[in-house]
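In terms of the working numbering, the sequence shown is residues 1 to 491.
Beta carbons: idealized from backbone N, C-alpha and C, even for Gly.
The structure presented is a predicted model; accordingly, all values stated were derived computationally and were not measured.
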Amino acid sequence: MKRLSTAALDTLPAGVGRPRYDRRAVRSGVVHLGIGAFHRAHQAAVFDDVLNEGDLRWGITAASLRSPTVRDELAPQDALYTLVERDGATERHRVIGAVQAVLVAPEQPQALLDALAHPDTHIVTLTITEKGYKLDPATGGLIHDDLQVKADMESLQRPQTAPGFLVAALAMRRAAGRPPFTAISCDNLPHNGTRLRNAVLDLARWHDPSLADWIAEQGAFPETMVDRIVPATTDDDIRSLADHLGFEDRAMVKTEPFLQWVIEDKFCGPRPDFGDRVQITQSVAPWEEAKLRLLNGAHSGIAYLGGLAGIEHVHEVLALPAARAFVEQLWDEAETTLSPPAELDVAAYRRELMGRFDNASLQHRTRQIAMDGSQKLPQRLFAPILTRLERGQDIAALSLAVAAWIRWQAGYDDKGLAYKVEDPLAAMMATRLNGAEDPAARVEAILNFEQIVPAALRDNPILRSALTHWLTILENDGALAALAQLKRDGE
Ligand code: CS2
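Quick look at the structure:
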C-alpha cells in the first residue's frame, strides 16, 4: 500500500481534514525538541490550526534528541501524518501539515543548532519528558554527575541535552545580534518554565556568565499546562487507519477530542494569535497543580494498581467499581490541597475526567503510564500527601497509589507475570529493594531516596505506616484485594 504523502492529499476520502494552506509557503517559526506522539497530537495540532487560519509564520522544525524512528516514519510521507481523534464509536481524521522537517539531534547537531538560531525561529517548544531536564530536585540545578550534562559542561560543540542545545543556540543568536526565542516547556512538571530556565541558566553560567545574564534579561520561559491523552500507536491502529485512508501512515497518532493548553503570558518575541485554542494567563500554577494532582495522580494510581492486577487498559481498570471508588477517593483527598483557578469548576472537571478515562476506544495502556514513576510521583502524589499530612488529614487513597508504585518495582504482577520496570532509577531502586527483608524495610528503602521523596516526608511516621500497611496487603493479597479493602474502609 502507498504511503500517505503530498500526492495522496487530493485523493483522501471526504471527511478527512487536510492542510488548507500552501505548505511550500510556510516558514518555520517554531523549533520543537522531542517529537513524540504527544507533540504531534498537541502543539503541532494547534500550530496547524494557526496555519490553516493563514498566518504562515508558524511551521515547525521538529527534532528528536535520541532516536531516528519518527524521522524515518515521517520522511517518506513528506512529514505529513494523521491525527485520529476517538471518542467511543466516533472517529475524526485530520492530516497535519505543520511539521516541515524532522532532525535527529545526534546525527545532525549543527542543523538543529542552525534551526534554533535562525531569524525565523521565535518559539521553541519542548516535550522531553520529566527526566529530560536533568535537574537535581535536591539542589534545583543540573545533575552535575549525569554523563550527558558532564559532556555539555565540557563543550557545547555537539550538545547532548536539551538545555545544551538551547544554550549553544542562544549563544549563536547573541553573537549574531538576534533576540532570544521564547522557550516553552510542555512537560508535566510543576513550574516547568522555571525548571527549564534554571537548567538553561545553570549551564549558560558555567560556560559564560555574561551569556547567562543576557538570557535571564532578554529570554522568556513561560510556565505551561498541557493536557491531552495520547496513547502509544499500535499496529492495529495503523492497519485500521490504512483501511479508511487507502494509504499507510506509519506516523499517525491517536488521541481524544479534548485538548487544553494554558500558557503564561510571558513571551519575548512574536507569537501567533492562538484564538481560543490556548489560554494565555498570568498564573499557570493553579491549573498545572489541578491537572497534575487530579488527572496525572489518578493515572499513576490506575496504572500501578491496574498493572499489578494484570489489566491492560485504563478503561478496563475503571470498569471495576472498587477502582472507580479509589479514583474518587484519591480526588477527594487531592482536591483539598488545590487552590483551583476561579474558572475551574472542579466537580465538573472530575466528571469530565472520568469520562475521558472511560473512553474505551483510546486503548490507553497501564504500562505506558507506569513508566518513569520516580520522575512523576513527586508532583502527582507526594506533593498532595505532604499538604494533607501537614494539615493532619488522612491519606488512604494517595498512600495506596504510592504503595502500588513501590510494589511495581518488583518487576512481576499479581499473577507472576514478569515485566520490565522502565525508569531511569529502576536499577538503583531494585538494588535497594533487594536488600530489604519485609514491607516495612522496603518502604524505608524507597522513602530514603532523596531524588524522589521530599525531605519533609522521609521520616514521617504516618506515611511510613500507611505505606507499610498497603504494601503488606499488595504483596500478600494483590491489588484487587487492596482496592476492595480501601472501598470497605470508606463505607
Ligand atoms: C500520563 C500522561 O503517561 C502518563 O504519565 O499520565 O501522559 C497523561 O496522559 C497526560 O498528561 C494527559 O494530558
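With 16 as the cutoff for other CB atoms within 10 Å, does residue i come out buried or exposed?
{"i": "residue 13", "result": "exposed"}
{"i": "residue 157", "result": "exposed"}
{"i": "residue 257", "result": "exposed"}
{"i": "residue 352", "result": "exposed"}
{"i": "residue 420", "result": "exposed"}
{"i": "residue 224", "result": "buried"}
{"i": "residue 150", "result": "exposed"}
{"i": "residue 476", "result": "exposed"}
{"i": "residue 145", "result": "exposed"}
{"i": "residue 428", "result": "exposed"}
{"i": "residue 127", "result": "buried"}
{"i": "residue 300", "result": "buried"}
{"i": "residue 210", "result": "exposed"}
{"i": "residue 235", "result": "exposed"}
{"i": "residue 502", "result": "Residue 502 is absent from the structure shown; the chain starts at 1 and stops at 491."}
{"i": "residue 147", "result": "exposed"}
{"i": "residue 431", "result": "exposed"}
{"i": "residue 418", "result": "exposed"}
{"i": "residue 391", "result": "exposed"}
{"i": "residue 160", "result": "buried"}
{"i": "residue 222", "result": "buried"}
{"i": "residue 212", "result": "buried"}
If I measure Cβ to Cβ from residue i and keep anything under 7 Å in the same chain, skipping five residues before and after, which residues do I get?
{"i": "residue 250", "result": "73, 238"}
{"i": "residue 370", "result": "303, 304, 307, 408"}
{"i": "residue 216", "result": "201"}
{"i": "residue 49", "result": "277"}
{"i": "residue 484", "result": "322"}
{"i": "residue 340", "result": "286, 290, 346"}
{"i": "residue 479", "result": "305, 308, 309, 404, 414"}
{"i": "residue 281", "result": "262, 264, 265"}
{"i": "residue 504", "result": "Because the chain is modelled from 1 through 491, residue 504 falls outside the range shown and cannot be assessed."}
Taking 7 Å as the threshold (C-beta atoms), are residue j and residue i in contact?
{"i": "residue 121", "j": "residue 181", "result": "yes"}
{"i": "residue 100", "j": "residue 54", "result": "no"}
{"i": "residue 103", "j": "residue 169", "result": "no"}
{"i": "residue 220", "j": "residue 186", "result": "no"}
{"i": "residue 358", "j": "residue 318", "result": "yes"}
{"i": "residue 70", "j": "residue 123", "result": "no"}
{"i": "residue 298", "j": "residue 1", "result": "no"}
{"i": "residue 414", "j": "residue 334", "result": "no"}
{"i": "residue 230", "j": "residue 47", "result": "no"}
{"i": "residue 294", "j": "residue 331", "result": "yes"}
{"i": "residue 33", "j": "residue 162", "result": "yes"}
{"i": "residue 447", "j": "residue 458", "result": "yes"}
{"i": "residue 98", "j": "residue 44", "result": "yes"}
{"i": "residue 26", "j": "residue 56", "result": "yes"}
{"i": "residue 436", "j": "residue 445", "result": "yes"}
{"i": "residue 203", "j": "residue 167", "result": "yes"}
{"i": "residue 313", "j": "residue 363", "result": "yes"}
{"i": "residue 174", "j": "residue 214", "result": "yes"}
{"i": "residue 489", "j": "residue 423", "result": "no"}
{"i": "residue 20", "j": "residue 52", "result": "yes"}
{"i": "residue 401", "j": "residue 386", "result": "no"}
{"i": "residue 496", "j": "residue 133", "result": "In the structure displayed, the chain extends from 1 to 491; residue 496 sits before or after that span and is not available."}
{"i": "residue 141", "j": "residue 152", "result": "no"}
For residue i, which residues of its own chain have a beta-carbon under 8 Å away from its beta-carbon, when the five flanking residues on both sides are left out?
{"i": "residue 3", "result": "76, 77, 247, 248, 249, 250"}
{"i": "residue 190", "result": "285, 288, 289, 292, 379, 383"}
{"i": "residue 89", "result": "361"}
{"i": "residue 272", "result": "29, 47, 50, 55, 57, 58"}
{"i": "residue 218", "result": "179, 180, 268"}
Near residue i, what residues of its chain come up, given a Cβ to Cβ distance below 6 Å and the 5 sequence neighbours on each side ignored?
{"i": "residue 452", "result": "374"}
{"i": "residue 63", "result": "33, 103, 105, 112"}
{"i": "residue 259", "result": "228"}
{"i": "residue 8", "result": "247"}
Is there a Cβ of chain D sitting closer than 7 Å to that of residue i, yes or no?
{"i": "residue 388", "result": "Protein chains in the displayed structure number just one, and chain D is not present."}
Go through the region 17-59 residue by residue and report every complete run of the beta strand (DSSP E) that reaches 3 residues or more, in order. Given a length threshold of 3 residues, each whole run of the beta strand (DSSP E) inside the region 17-59 is given here in chain order: 28-33.
Length-filtered (3 minimum) beta strand (DSSP E) runs lying within the region 78-159: The region 78-159 contains these whole beta strand (DSSP E) runs: 81-87, 90-96, 99-104, 123-126.
Looking at C-beta atoms only, is the number of pairs between the region 394-403 and the region 325-337 that lie closer than 8 Å three or more? The region 394-403, when compared against the region 325-337, does touch it at the 8 Å Cβ threshold.
Scan the region 302-357 and note each continuous alpha helix (DSSP H) run of 4 residues or more that stays entirely inside, going in chain order. Qualifying alpha helix (DSSP H) stretches, in chain order: 314-317, 321-335, 346-357.
Can you list the beta strand (DSSP E) stretches of 3 or more residues lying completely in the region 262-289, in chain order? Runs of the beta strand (DSSP E) inside the region 262-289: 279-281.
Uninterrupted alpha helix (DSSP H) stretches inside the region 360-394 (no shorter than 4 residues): Inside the region 360-394, DSSP marks whole alpha helix (DSSP H) runs of 4 or more residues at positions 366-370, 373-377, 383-390, from first to last along the chain.
Within 8 Å, do at least three Cβ pairs link the region 431-440 to the region 459-479? Yes: the two stretches touch, three or more of their Cβ pairs being nearer than 8 Å.
Quick check: the region 133-140 against the region 78-98, are there 3 or more CB pairs under 8 Å? With the cut-off at 8 Å, the region 133-140 and the region 78-98 do not touch.
Runs of beta strand (DSSP E) wholly within the region 202-257 (minimum 3 residues, chain order): Unbroken beta strand (DSSP E) runs of no fewer than 3 residues, entirely contained in the region 202-257, are found at 224-227, 253-255, following chain order.
At what residue ranges does the region 395-458 contain a whole run of the beta strand (DSSP E), taking only runs of 3 or more? With a minimum length of 3 residues, no continuous beta strand (DSSP E) run stays inside the region 395-458.
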